[in-house]
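When you read off a place in the sequence shown, starting at 1, and then add 202, the result is the number in the working numbering. Here's the structure we're looking at; comments come further down.
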Amino acid sequence: MDTQYRQGFSVPQLFVNVPSDTRRNAKRYIDFARQAASAIEPGIIQRIATHLGLSFVPEKEKESEVCFINSEEVRPEFRLSFAPVDLTDYILGILHHSYTARDKPLPETDHIMIPYPKDSVVFWEWVEFGEKLRRDGD
């Protein structure tokens, strides 16, 4: 793993102040996630995708009756792609764990450093944690 990957990646401050009504409304959150992910340098998202062996897709694929590979019920190690909402939930989970849960103040900079996920299993664990926080309202 190269040095840059170990150092983490920078996300804009907009990830910090997600309005609670946006978090609880699925359509609003998906729109927010799309906007927030577009504020991250595309090379960073590509690096995450490559490292995890996943494809980054513009939106989650709808579950079909034929293929369940991207279903939430499929174990993380078998998923093939992630979407802006997954990346946003990952970041939300990391931010909560690193700052809110530890009563540490968030940096007052324009960008905050987020660690790259170690592997796809760890990535999906943080996605699940961030999604739970979002749905439960912290």
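Glycine residues also receive a C-beta, built at the ideal position from the N, C-alpha and C atoms. The structure displayed is predicted, hence computed values, not measured ones.
Determine the direct distance from the alpha carbon of residue j to that of residue i, and round the result to whole angstroms.
{"i": "ASP305", "j": "GLN215", "result": "18 Å"}
For residue i, which residues of its own chain have a beta-carbon under 6 Å away from its beta-carbon, when the five flanking residues on both sides are left out?
{"i": "PHE234", "result": "THR224"}
{"i": "VAL268", "result": "A caution first: VAL268 carries a pLDDT of 45, below 50, which makes its placement in the model unreliable, though a value can still be read off. If we look at VAL268 and ignore the five residues flanking it on each side, it has no Cβ neighbours."}
{"i": "TRP326", "result": "PRO278"}
{"i": "PRO286", "result": "ALA235, ARG236, ALA239"}
{"i": "VAL329", "result": "ASP288, ASP291, TYR292"}
My assumption, with CB atoms under 8 Å, is that residue i sits in contact with residue j. Please give the rounded CB distance.
{"i": "LEU256", "j": "LEU294", "result": "In fact, because the Cβ distance is near 19 Å, the residues do not count as touching under 8 Å."}
{"i": "ALA239", "j": "LEU297", "result": "With a Cβ gap of about 15 Å, ALA239 and LEU297 do not count as contacting."}
Pull the bridge partners of residue i from the DSSP assignment, please.
{"i": "PHE211", "result": "ILE316"}
{"i": "SER257", "result": "SER283"}
For residue i, which option in the options has the closest C-alpha, if you only look at C-alpha atoms?
{"i": "ARG336", "options": "GLY245, GLN209, PHE284, ASP291", "result": "ASP291"}
{"i": "ASP338", "options": "ARG208, GLU261, ALA228", "result": "ALA228"}
{"i": "SER212", "options": "PHE280, ILE246, ILE232, ARG226", "result": "ILE246"}
{"i": "GLU261", "options": "HIS299, ILE232, THR252", "result": "ILE232"}
Tell me which residues share the same chain as residue i and place their Cβ nearer than 8 Å to its Cβ, disregarding the 5 neighbours each side in the sequence.
{"i": "LEU254", "result": "PHE284, PRO319, ASP321, SER322, PHE325"}
{"i": "ARG208", "result": "TYR318"}
{"i": "PHE217", "result": "ALA238, THR290, ILE293, LEU294, LEU297, ILE314"}
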